[in-house]
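Chemist:
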Amino acid sequence: FPEWFSFMPQIFNNNWTLLLLTAPVQFWIGSQFYSGLKLLIKYRTADMNTLIAIGTLAAYFYSAAVTVFPVFFTREEMQPALYFDTSAIIITLILLGKYFEVLMKGRASEAIKKLIGLQPKTAQVLRDGKEIGIPIADVIVGDAIIVRPGERIPVDGSISEGESEIDESMITGESMPVHKKVGSAVIGSTINKFGTFTFRATKVGKDTVLSQIIKMVEEAQGSKAPIQRLADLVSSYFVPAVFIVAFLTFIVWLFLGPVPAFTFALINFIAVLIIACPCALGLATPMAIMVSSGSAAHKGILIKDAASLEIANKINTVVLDKTGTLTQGKPQLTDIIMFNDNRQAEILSLAASLEQRSEHPLAQAIINKAVKEKTELYTVEDFNAISGKGVRGFLQIQSQRIEAYLGNRALMADIGLDSSLYEVAISKLENEGKTVMILASDKKIKGALAVADVLKKESVEAVRTLKKNNIDVWMLTGDNDRTARAIAAQADIDNVMSEVLPDKKSEKVREIQEQGKIVAMIGDGINDAPALTQANIGIAMGEGTDIAMESANITLMRGDLMLIPEVIKISQRTMRIIKQNLFWAFFYNIAFIPVAAGVLYPFFGILLNPIFAAAAMAFSSISVVLNSLRLRSI
Numbered sequence: 001f002p003e004w005f006s007f008m009p010q011i012f013n014n015n016w017t018l019l020l021l022t023a024p025v026q027f028w029i030g031s032q033f034y035s036g037l038k039l040l041i042k043y044r045t046a047d048m049n050t051l052i053a054i055g056t057l058a059a060y061f062y063s064a065a066v067t068v069f070p071v072f073f074t075r076e077e078m079q080p081a082l083y084f085d086t087s088a089i090i091i092t093l094i095l096l097g098k099y100f101e102v103l104m105k106g107r108a109s110e111a112i113k114k115l116i117g118l119q120p121k122t123a124q125v126l127r128d129g130k131e132i133g134i135p136i137a138d139v140i141v142g143d144a145i146i147v148r149p150g151e152r153i154p155v156d157g158s159i160s161e162g163e164s165e166i167d168e169s170m171i172t173g174e175s176m177p178v179h180k181k182v183g184s185a186v187i188g189s190t191i192n193k194f195g196t197f198t199f200r201a202t203k204v205g206k207d208t209v210l211s212q213i214i215k216m217v218e219e220a221q222g223s224k225a226p227i228q229r230l231a232d233l234v235s236s237y238f239v240p241a242v243f244i245v246a247f248l249t250f251i252v253w254l255f256l257g258p259v260p261a262f263t264f265a266l267i268n269f270i271a272v273l274i275i276a277c278p279c280a281l282g283l284a285t286p287m288a289i290m291v292s293s294g295s296a297a298h299k300g301i302l303i304k305d306a307a308s309l310e311i312a313n314k315i316n317t318v319v320l321d322k323t324g325t326l327t328q329g330k331p332q333l334t335d336i337i338m339f340n341d342n343r344q345a346e347i348l349s350l351a352a353s354l355e356q357r358s359e360h361p362l363a364q365a366i367i368n369k370a371v372k373e374k375t376e377l378y379t380v381e382d383f384n385a386i387s388g389k390g391v392r393g394f395l396q397i398q399s400q401r402i403e404a405y406l407g408n409r410a411l412m413a414d415i416g417l418d419s420s421l422y423e424v425a426i427s428k429l430e431n432e433g434k435t436v437m438i439l440a441s442d443k444k445i446k447g448a449l450a451v452a453d454v455l456k457k458e459s460v461e462a463v464r465t466l467k468k469n470n471i472d473v474w475m476l477t478g479d480n481d482r483t484a485r486a487i488a489a490q491a492d493i494d495n496v497m498s499e500v501l502p503d504k505k506s507e508k509v510r511e512i513q514e515q516g517k518i519v520a521m522i523g524d525g526i527n528d529a530p531a532l533t534q535a536n537i538g539i540a541m542g543e544g545t546d547i548a549m550e551s552a553n554i555t556l557m558r559g560d561l562m563l564i565p566e567v568i569k570i571s572q573r574t575m576r577i578i579k580q581n582l583f584w585a586f587f588y589n590i591a592f593i594p595v596a597a598g599v600l601y602p603f604f605g606i607l608l609n610p611i612f613a614a615a616a617m618a619f620s621s622i623s624v625v626l627n628s629l630r631l632r633s634i
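Residues in the sequence shown are numbered from 1 upward in steps of one, following the UniProt record's numbering.
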């Protein structure tokens, strides 16, 4: 289309200049499409690359022939058209679409690197009665390993001496530190919060839980089907058909056409190939993907790869992690119960004063509530954390020094107080999935405080919307069964899988898939990574860990579960547009190929000039672009 570039120097209108400038685009930049020719020659099949290669090569070599032998192609004093621009523009546009697809996919391999980065580099091992630091790779099964507060546990094992609170949230999803004592299993790379203990290594190297997570993520990555396969399937039949039509066109014109028969035959043969050039077909999928992913981004939905959009519209089962996905992920003080005519404000004041030196999540929930309520805090002295039971301290209230306790039933029993009198109220809160702490001072039980990881406000509506769309909803969590079922009841989720470790999480997802279900897994933690990659679609919450987001196909940039139905809606609309694009792209070819072959010539004397073939091809591309732009309104 030289008229589009009239501002260019005259040298660029020279046929030989265009031939030389187009050659690198055709044979260097466009060489990646020639794999389609290998398929055609070696396996007698075809894909999108075959169409692109045949179309652009036909345009280029025809134009090259016109440049070298212009007289041979001239008929009735009409100058032959050149299609160097067609060749170069097709390759450029299709590669641009592929570039945007690559941008969306991101770098999934970084998820593996970050998982590996969680592993400690060294371990403090007892050998020959001495404590020595050795590389993690040198730890063997049976080694006695010492872990101090704040350190990561090097490998999997079992505690042989001491006790502590372990933050296992990265593995189990449990939001609270877990009390561990002699005989308790510990998991490598989890964090020791408080006490010092010794444990025996039971699993090292590739056998640890974290190593298994890494292995599962590696195996599950790259297992998605490309969204382009619909076009490739049709292309595998379309390309041979185009060859047959073009060959028959050449034969018919050669033997039955007017003089010069060979020129007519060759030009119409080329016209068929030009009209079949898959510019619109190449744009059909990536253009729709680019527009829909942009629209999704405005809604806070980041789509990593095109395949996710193809699969998401088929989702019929959604599996939700609990902590940080359905719930807020941060414990909150939900209830204060008064016993023996004590005031609520007094109970909160005593409990918060007692916990002000603690860094435990339960303590922080109480302190945060006290700060919000502007509650008076007393000075605490001789504070002591009693492992697995609670805390004790002396509070300076005015001129009095009062001993106070906050903890579980076992702590109350240790100090000689009977909590069974309040069992009904305490059990009611526990059955709602809440952690209850009993407050005692002056050798009397004053009240109880309940802390829980509460539901996000939009969780119930999201579950209701999914069910309304005939999508099964499951909860999958490493948390205890009572808490899980309490949260599930609040969210109106009927299917619950609780106390599930990461390797089992991916197995549970696989079991659902084996029932013929198309599964979307939604999670936010490292512990969810294997399940996210195992699912047909992995959706990570943007407020979660980087590893969860990089293991997922789709990331929700805000923790709003109402975005899940929106993901499905966007996918459905996008696939509908893609299929429309593919239909019109193929319809254009099917409708105009007979015209290019010359079927109208015997009746109306009409032949399709390749210039008009290129114009029709441009119109087809424009229609695909305009149709794709409709996705901006989703």
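Think of the CB as a built atom: it goes at the ideal place given N, C-alpha and C, for glycine as much as any other residue. Treat the numbers as computed from the prediction; the structure is a model and nothing was measured.
Candidates 345, 448, 558 and 17: which alpha carbon is nearest residue 63's?
Modeler: In the sequence shown, residue 63 corresponds to position 63, counting from 1. The option with the nearest alpha carbon to residue 63 is 17.
Chemist: If we count the other Cβ atoms within 10 Å of its Cβ and call it buried at 16 or more, is residue 632 buried or exposed?
Modeler: Residue mapping note: residue 632 aligns to position 632 of the sequence shown, counting from 1. Under this definition residue 632 is an exposed residue.
Chemist: Report the CB separation of residue 153 from residue 187 in whole angstroms; it is logged as a contact under 8 Å.
Modeler: Along the sequence shown, read from residue 1 onward, the residue named residue 153 stands at position 153. Along the sequence shown, read from residue 1 onward, the residue named residue 187 stands at position 187. With 8 Å as the limit, residue 153 and residue 187 qualify as a contact, their Cβ atoms being about 7 Å apart.
Chemist: Starting from the C-beta of residue 464, find all residues in its chain whose C-beta is less than 8 Å away, skip the five residues before and the five after it, and write them out in chain order.
Modeler: Along the sequence shown, read from residue 1 onward, the residue named residue 464 stands at position 464. Closer than 8 Å at Cβ, skipping near neighbours: 492.
Chemist: Check whether the region 507 to 517 touches the region 308 to 322, taking contact to mean three or more Cβ pairs, one atom from each stretch, closer than 8 Å.
Modeler: With a cut-off of 8 Å, the region 308 to 322 and the region 507 to 517 count as touching, because enough Cβ pairs lie within range.
Chemist: Scan the region 136 to 187 and note each continuous alpha helix (DSSP H) run of 4 residues or more that stays entirely inside, going in chain order.
Modeler: 169 to 172
Chemist: By the DSSP assignment, the beta strand (DSSP E) with residue 639 in it spans what residues?
Modeler: The structure shown has nothing for residue 639, since the chain only spans 1 to 634.
Chemist: Considering only DSSP beta bridges, list what residue 440 is partnered with.
Modeler: On the sequence shown, residue 440 is found 440 positions in, with the first residue counted as 1. Per DSSP, 405 and 445.
Chemist: Measure the C-alpha to C-alpha separation of residue 621 and residue 582 and round it to an integer number of angstroms.
Modeler: Here residue 621 corresponds to residue number 621 of the sequence shown, with the count starting at 1. Here residue 582 corresponds to residue number 582 of the sequence shown, with the count starting at 1. In a straight line, the C-alpha of residue 621 is about 11 Å away from that of residue 582.
Chemist: Can you give me the start and stop residues for the beta strand (DSSP E) that residue 200 sits inside?
Modeler: The residue given as residue 200 occupies position 200 in the sequence shown. For residue 200, the enclosing beta strand (DSSP E) begins and ends at 197 to 203.
Chemist: For a test of the three-state rule: what should DSSP assign to residue 495, helix, strand or coil?
Modeler: On the sequence shown, residue 495 is found 495 positions in, with the first residue counted as 1. If DSSP states are grouped into helix, strand and coil, residue 495 belongs with the strands.
Chemist: Going by beta-carbon coordinates alone, are residue 522 and residue 564 separated by less than 9 Å?
Modeler: In the sequence shown, the residue the question calls residue 522 occupies position 522. In the sequence shown, the residue the question calls residue 564 occupies position 564. Closer than 9 Å, so yes.
Chemist: According to DSSP, is residue 553 part of a helix, a strand, or is it coil?
Modeler: Start at 1 with the first residue of the sequence shown, and residue 553 comes out as number 553. Looking at residue 553 - three-state DSSP - the assignment turns out to be coil, as it is neither helix nor strand.
Chemist: Out of 145, 120 and 118, which one is the CA nearest neighbour of residue 128?
Modeler: Looking up residue 128 in the sequence shown gives position 128. Ranking the options by Cα distance to residue 128, first place goes to 145.
Chemist: Kindly indicate which three-state DSSP category residue 381 falls into: helix, strand or coil?
Modeler: Residue numbering aside, residue 381 sits at position 381 when the sequence shown is read from its first letter. Of the three classes helix, strand and coil, the one that applies to residue 381 here is strand, per DSSP.
Chemist: How far does the beta strand (DSSP E) with residue 392 in it reach, from first residue to last?
Modeler: The residue labelled residue 392 in the question sits at position 392 within the sequence shown. Note, residue 392: beta strand (DSSP E), 390 to 397.
Chemist: Cβ of residue 380 within 9 Å of Cβ of residue 357?
Modeler: On the sequence shown, residue 380 is found 380 positions in, with the first residue counted as 1. On the sequence shown, residue 357 is found 357 positions in, with the first residue counted as 1. Closer than 9 Å, so yes.
Chemist: Is the beta carbon of residue 439 closer than 9 Å to that of residue 529?
Modeler: Against the sequence shown, residue 529 aligns to sequence position 529. Against the sequence shown, residue 439 aligns to sequence position 439. Contact: no.
Chemist: Can you round the beta-carbon distance between residue 377 and residue 575 to whole angstroms, since I take them to be within the 8 Å contact cut?
Modeler: Translated into positions along the sequence shown, residue 377 becomes position 377. Translated into positions along the sequence shown, residue 575 becomes position 575. Contact flag wrong, Cβ pair sits at about 58 Å.
Chemist: Thinking residue 195 and residue 164 are a contact (beta carbons under 8 Å), I'd like their distance in whole angstroms, please.
Modeler: Taking the first residue of the sequence shown as 1, we reach residue 195 at position 195. Taking the first residue of the sequence shown as 1, we reach residue 164 at position 164. Going by Cβ atoms, the distance from residue 195 to residue 164 rounds to 3 Å, so yes, they are a contact pair.
Chemist: When we look at the beta-carbon of residue 160 and count the other beta-carbons within 10 Å, is it buried (16 or more) or exposed?
Modeler: What you label residue 160 is simply residue 160 of the sequence shown in a count that begins at 1. With fewer than 16 Cβ atoms within 10 Å of its Cβ, residue 160 is classed as exposed.
Chemist: Helix, strand or coil for residue 283? Go by DSSP, reduced to three states.
Modeler: For this step, residue 283 is matched to residue 283 along the sequence shown. If DSSP states are grouped into helix, strand and coil, residue 283 belongs with the helices.
Chemist: Is it true that the CB of residue 301 sits closer than 9 Å to the CB of residue 577?
Modeler: On the sequence shown, residue 577 is found 577 positions in, with the first residue counted as 1. On the sequence shown, residue 301 is found 301 positions in, with the first residue counted as 1. Not in contact: residue 577 and residue 301 (Cβ atoms no closer than 9 Å).
Chemist: Within 10 angstroms of its Cβ, does residue 140 collect 16 or more other Cβ (buried), or is it exposed?
Modeler: For the purposes of this step, residue 140 is identified with residue 140 of the sequence shown, where counting begins at 1. Counting Cβ neighbours within 10 Å, residue 140 comes out exposed, since fewer than 16 surround it.
Chemist: What's the gap between the Cα of residue 202 and the Cα of residue 183?
Modeler: Stepping through the sequence shown from its first residue, residue 202 is reached at position 202. Stepping through the sequence shown from its first residue, residue 183 is reached at position 183. Their Cα atoms are separated by approximately 12 Å.
Chemist: Distance, Cα to Cα, residue 21 vs residue 537?
Modeler: Within the sequence shown, the letter at position 21 stands for residue 21. Within the sequence shown, the letter at position 537 stands for residue 537. In a straight line, the C-alpha of residue 21 is about 44 Å away from that of residue 537.
Chemist: Determine the DSSP secondary structure at residue 85, reduced to helix, strand or coil.
Modeler: Numbered from its first residue, the sequence shown carries residue 85 at position 85. Collapsing the DSSP output to three states places residue 85 in a helix.
Chemist: State the start and end residues of the unbroken beta strand (DSSP E) segment that holds residue 338.
Modeler: Counting from 1 along the sequence shown, the entry for residue 338 is found at position 338. Unbroken beta strand (DSSP E) run through residue 338: 332 to 338.
Chemist: Taking the C-alpha atoms as reference points, what is the distance between residue 412 and residue 418?
Modeler: The residue labelled residue 412 in the question sits at position 412 within the sequence shown. The residue labelled residue 418 in the question sits at position 418 within the sequence shown. Their Cα atoms are separated by approximately 7 Å.
Chemist: Per DSSP, what kind of secondary structure is residue 521 in: helix, strand or coil?
Modeler: Position 521 of the sequence shown holds residue 521. Looking at residue 521 - three-state DSSP - the assignment turns out to be strand.
Chemist: Considering only the alpha carbon of each residue, which of 142, 150, 121 and 143 lies closest to residue 136?
Modeler: Translated into positions along the sequence shown, residue 136 becomes position 136. For residue 136, the nearest C-alpha among the options comes from 121.
Chemist: Hey, residue 49 and residue 61: beta-carbon distance below 9 Å or not?
Modeler: Residue 49 sits at position 49 when you count from the first residue of the sequence shown. Residue 61 sits at position 61 when you count from the first residue of the sequence shown. In this structure, residue 49 keeps its C-beta atom at 9 Å or more from the C-beta atom of residue 61.
Chemist: Rounded to a whole number of angstroms, what is the C-alpha to C-alpha distance between residue 572 and residue 271?
Modeler: Looking up residue 572 in the sequence shown gives position 572. Looking up residue 271 in the sequence shown gives position 271. Roughly 37 Å separates the two Cα atoms.
Chemist: Pop quiz: residue 209 and residue 502 are said to be a contact at Cβ under 8 Å. What is the actual Cβ separation, rounded to whole angstroms?
Modeler: In the sequence shown, residue 209 corresponds to position 209, counting from 1. In the sequence shown, residue 502 corresponds to position 502, counting from 1. Indeed they touch by this definition, with Cβ atoms about 7 Å apart.
Chemist: Give the secondary structure of residue 131 by DSSP, where H, G and I count as helix, E and B as strand, and everything else as coil.
Modeler: Numbered from 1 along the sequence shown, position 131 holds the residue referred to as residue 131. Residue state, collapsed to three classes: strand.
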